[in-house]
Amino acid sequence: MVEYSTIVKASLEKVWQHLILKIEKPENFVPGVSDVIILEKNEDFVNRKMTITTPENATTLVEKITFVPYKVRFLLLEHPKFEGYVDNDIKFISENETEMTFTINWKDKTTQFEFDNSEMVKNAVLKTKTFIENN
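Per my numbering, residue 118 is the first one in the sequence shown, and the count goes up by one each step.
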């Protein structure tokens, strides 16, 4: 498990609205995202397909996304290497500050080793923080 937290200079409600926006517009929040397709959407979950490109490769994945205030979970349904989920949690600090924590619980399908790229998690959190504070 890899986790990273930061304080966003925005209200809890504003951060929550952006996390909901992130479901359909992840390219604003996650580095390297393209080709986002919403496969299924209802009041309980969204199934989404997208590609993430890094300097090493491009990976297409399918996720089932659930959301209840104030947690969004991105469960991997299809990924060539990993299984597991990512949680985006937020917590009230003050009227204009919200704590935001991303936790990646991925395991390698073959080796069962836990995903351990703390820099990637930090970059995703900081990109999300910047987008929320500027929009």
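We put the CB at the ideal spot given by N, CA and C, even for glycine.
Cutoff 6 Å; reference L136; Cβ partners in own chain excluding five residues on either side: The residues V189, N205, in chain order, have a CB closer than 6 Å to that of L136 in the same chain once the five nearest residues on each side in sequence are set aside.
So, is P172 buried or exposed, given that buried needs 16 or more other C-beta atoms within 10 angstroms? exposed
When you compare the segment 150 to 160 with the segment 220 to 239, are there three or more beta-carbon pairs, one atom per stretch, that lie closer than 8 Å? no
Coarse secondary structure for V66, derived from DSSP in three states: Because the chain in this structure spans residues 118 to 252, residue 66 falls outside the shown range and cannot be described.
How many angstroms separate the CA atom of E212 from the CA atom of V125? 11 Å
Nearest by alpha-carbon distance to T228: which of Q134, K198, T183 is it? K198
Determine, for R165, whether the minimum Cβ-Cβ distance to residues of chain D falls below 7 Å. This model lacks chain D altogether, as it is built from one protein chain only.
Cβ distance (whole Å) where A127 is taken to contact I210 below 8 Å: 10 Å between Cβ atoms; not a contact.
Take K239 and list the residues in its own chain whose beta-carbon comes closer than 6 Å to its own, dropping the five residues that flank it on each side. Y121
Presumed contact (8 Å Cβ cut-off) between I207 and W133, rounded CB distance: 6 Å
Give every residue of the same chain whose Cβ lies closer than 6 Å to the Cβ of V139, excluding the five residues on either side of it in the sequence, and list them in chain order. Reading the sequence as shown, one finds Lys at residue 139 and not Val. The beta carbon of K139 sits closer than 6 Å to the beta carbons of F146 from its chain, once the five residues preceding and following it are set aside; these are given in chain order.
Proximal residues to P143 (C-beta, below 7 Å), its chain only, five neighbours per side dropped: V150, V153, M167
Simplified DSSP state of M118, which is helix, strand or coil: Correct three-state label for M118: coil.
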